[in-house]
Amino acid sequence: MSQSYNRGLIEDFGRWREFSAGMWAWIFHKFTGWVLVGYLFTHIAVLSTALTSEAAYTTTIQALESLLVVRILEVGLLAVAVFHILNGLRLLFVDLGVGLEAQDKSFYASLILTGVIVVASVPTFLAGVSI
Numbered sequence: 000m001s002q003s004y005n006r007g008l009i010e011d012f013g014r015w016r017e018f019s020a021g022m023w024a025w026i027f028h029k030f031t032g033w034v035l036v037g038y039l040f041t042h043i044a045v046l047s048t049a050l051t052s053e054a055a056y057t058t059t060i061q062a063l064e065s066l067l068v069v070r071i072l073e074v075g076l077l078a079v080a081v082f083h084i085l086n087g088l089r090l091l092f093v094d095l096g097v098g099l100e101a102q103d104k105s106f107y108a109s110l111i112l113t114g115v116i117v118v119a120s121v122p123t124f125l126a127g128v129s130i
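Position 96 of the sequence shown, counted from 1, bears residue number 95 in numbering that gives the first Met the number 0, the numbering being contiguous throughout.
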C-alpha cells in the first residue's frame, strides 16, 4: 500500500518564510518577466497613436511625460528591467556551471546592483516633471 505525504494546505501562505534565495530569485524573475510583457502591450498601445497622426502621438507623449506618476512608473520599469537582465545573466552563468556554489550571493549582488542603478537614475527620470 502506498503512503501519502501531507503537504499541508494550499492556502498556507506562511511558507514564504521558508523560501531560500533561489526561490525568491525564481519568483522575482517570473514577476519581472510578466511585468515586462504587460509593459510591452502598453508600449505598443502608446506607439499606435502615431498611426493616427504625428500630432496625436506628440500630444500623447507630452501628456504622459508631464505626469509625476508616469515618471515614477518609469523608475519602476527600470528597476524591473535591470533586475530581470542581471538575474538572467546570473542564470546563464549558473546554467554554464559558473558560480554554482555562490548562487545566493550572486542573487543578492544582482539585487544590490539593481538598487544602485535605480537610485542613481532617479534624478534623470524625475527631471522636468511638473508637480
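Every residue gets a Cβ at the ideal spot worked out from N, C-alpha and C, and that includes glycine.
Small disclaimer: the values here were computed from a predicted structure and weren't measured.
Within the segment 39 to 93, the complete alpha helix (DSSP H) runs of at least 4 residues fall at 48 to 51 and 53 to 64. Assigned with DSSP and collapsed to three states, alanine 101 falls in helix. A residue is called buried when at least 16 other Cβ atoms come within 10 angstroms of its Cβ; alanine 24 meets this threshold and is buried. Annotated three-state conformation of alanine 24 is helix, per DSSP. Relative to serine 105, the option among Leu85, Phe124 and Val79 whose CA is nearest is Leu85. The alpha carbon of valine 69 has as its nearest neighbour, out of Arg89, Val93, Leu88 and Thr41, the alpha carbon of Thr41.
Leaving aside the five residues that flank phenylalanine 82 on each side, the residues in its chain whose CB is nearer than 6 Å to its CB run, in chain order, Thr31 and Thr113. DSSP, reduced to helix, strand and coil, places serine 19 outside both helices and strands of the structure shown, so it counts as coil.
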